[in-house]
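Q: Sharing a structure with you now.
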Amino acid sequence: MPYYRRVGHVPPKRHTQHRRPDGGLYYEELVGEEGFSSDSSLLYHEGVPSALVGARSWELPDQRTVPNSPLIPRHFRLHALFPGVPAEPAAPVDVVTGRRLVLGNADVRLSYVAADAPSPLYRNAVGDECVYVESGGGTVETTFGVLPVRSGDYVVLPRGTTHRWLPDPGAPLRAYVIEADSHIAPPRRYLSRYGQLLEHAPYCERDLHGPAEPLVVAEGETEVYVRHRGSGPGGQAGTVHVQPRHPFDVVGWDGCLYPYTFNIADFEPITGRVHQPPPVHQVFEGRNFVVCNFVPRKVDYHPLAVPVPYYHANVDSDEVMFYCGGNYEARRGSGIGQGSVSLHPGGHSHGPQPGAVERSLDAEFFDELAVMVDTFRPLELGLAGQPSEDPEYAWTWARQGGTPS
């Protein structure tokens, strides 16, 4: 996180006594990245944060994957994975245990969920999570405080942050979940050497919203579901820790590492006389992947400009697009719609559907909303997401332009 925040009560100097009203000491906890060599925050707990009274194994949502073989572009209709949400009371779905893995590799996993129930307390000890809220809203409670969330929010949760999701009643909270094996942060080229977002960045610190006050829950024995490294599929495993008191007992914290939200409507698109390459749409980066978003914008204004993308080969990356609003002009006629995910793998040239170039020539504005993840290692197909696959997508360029041989 690029800038400092202070919430609640902290002592005037770090690593010094911070006393409760009754004279006892609060327990100081350092939450930091890269050992003690990068961003961190100091949290002050009422109880001992490492105390456990029990533990048991937890079976993670299905993490199994299979190679993209034969190598073809893919299309998944993610809404089909949750046709019955809101569910009957006997079959609730939550953001943590209900997510379905669609695509993944050793660096990043892409899942989807439509949730109508509160999640358990959860901590991802593998990497940061960046959750895009497609629709619905609710609250994310964390050890740092509360984050209200709404449609269009990215919710960035640093590794090790204990939290739970509370969807608003009445409509499911639909979420596209990006789980990293690393940290997720604004692109380095947007930041000064001290971490400030620069003038050419498409958003600034005013657009990032962290917790505003502590959330202190006075409860006893509590379970926390932990995702961690292990010998299961994808090198991960799950454990439920039983703590003697609720982990939301932080009376204050300060530092530069904490969860926050960023709404896609606050991203200022970069446009030009001719078509701009995808890096201008970048919003976050992790190890061996980037996150971009395509937002409503004026398009190229050269008199001979072609507003839709040119055909391009993914020499170094797999490209994944999650279509979450508007009309994506380049994909018209392909079967892609709201809630679709396309995978265009490295080794395959792709671009607009037949007819899209001609239709776009007089366009002045594109009303489209999509989240793109480019990975620099091949993605495999999650078994949990395969029931939503459209088996005809790979052939749509040929069938729209002529009969495939």
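Per full-length UniProt numbering, the very first residue in the sequence shown carries number 1; after that it's consecutive. Here a beta-carbon is modelled for each residue, glycine too, at the ideal position from N, C-alpha and C. Everything numeric in this text was worked out from a predicted model, so none of it was measured.
1) Verify whether the separation of the beta carbon atoms of Arg159 and Asn288 is less than 7 Å.
2) Report yes or no: do the segment 266 to 282 and the segment 158 to 177 share at least 3 C-beta pairs separated by less than 8 Å?
3) Does the distance from the C-beta atom of Tyr225 to that of Pro120 stay below 7 Å?
4) For Ala398, count neighbouring Cβ atoms within 10 angstroms of its own Cβ and tell me buried if that reaches 16, exposed if not.
5) By Cβ distance below 6 Å, which residues in the same chain neighbour Asn263 in space, the five residues on each side in sequence not counted?
6) In chain order, what residues of the same chain have a beta carbon less than 7 Å from the beta carbon of Asp207, not counting five sequence neighbours either side?
7) Taking Arg56 as part of the beta strand (DSSP E), name the residues at either end of that continuous run.
8) How about Arg174 and Ser340: do their beta carbons lie closer than 7 Å?
9) With DSSP as the reference, label Tyr132 as helix, strand or coil.
10) Runs of 3 residues minimum, wholly inside the segment 81 to 155: which ones carry the beta strand (DSSP E) assignment?
11) DSSP beta-bridge partners for Phe365?
12) Looking at C-alpha atoms only, which residue of Val53, Gln353, Tyr393 and Ser37 is the closest neighbour of His246?
13) Hey, would you say Ala80 sits closer than 7 Å to Ser334, going by beta carbons?
14) For Ala171, name the three-state secondary structure that DSSP assigns.
15) Let me check one thing: in DSSP terms, what residues is Ala212 bridge-paired to?
16) Whole angstroms are fine: how far does the CA of Glu29 sit from the CA of Ser50?
17) What residues are listed by DSSP as bridge partners for Val31?
18) Are Ala370 and Val308 touching if we call contact CB-CB under 7 Å?
19) Please report how far the alpha carbon of Glu205 lies from the alpha carbon of Arg164, in whole angstroms.
20) Measure how close the beta-carbons of Val93 and Ala125 come, nearest whole angstrom, since I'm counting them as under 8 Å.
21) Where Asp254 and Leu101 are concerned, what is the direct C-alpha to C-alpha distance, given to the nearest angstrom?
22) Reducing DSSP to helix, strand and coil, say where Ser405 ends up.
23) Could you check the C-alpha separation between Phe366 and His18 for me, to the nearest Å?
24) Would you identify the three-state DSSP class for Val7, choosing helix, strand or coil?
25) Tell me where the alpha helix (DSSP H) around Ser360 begins and ends.
26) According to DSSP, is Pro12 part of a helix, a strand, or is it coil?
27) Give me, in chain order, the residues of the same chain whose beta-carbon lies closer than 7 Å to that of Val58; leave out the 5 immediate sequence neighbours on both sides.
A: According to the structure data:
1) no
2) no
3) yes
4) exposed
5) Gly152 and Asp153
6) Phe262 and Asp266
7) Gly54 to Trp58
8) no
9) strand
10) 100 to 104, 108 to 115, 122 to 124, 129 to 135, 138 to 142 and 145 to 149
11) Lys298
12) Val53
13) no
14) coil
15) None; Ala212 has no bridge partner.
16) 9 Å
17) Ser41
18) no
19) 25 Å
20) Their Cβ separation, rounded to whole angstroms, is 23 Å, which puts Val93 and Ala125 out of contact at 8 Å.
21) 34 Å
22) Below a pLDDT of 50, predicted positions are generally treated as unreliable, and Ser405, at 29, falls in that range; the measurement from the model is reported next regardless. Looking at Ser405 - three-state DSSP - the assignment turns out to be coil, as it is neither helix nor strand.
23) 54 Å
24) strand
25) Ala356 to Ser360
26) Three-state DSSP puts Pro12 in coil, outside helix and strand.
27) The sequence given here places Trp at residue 58; Val does not occur at that position. Only Tyr225, Gly238, Thr239 and Val240 meet the Cβ criterion.
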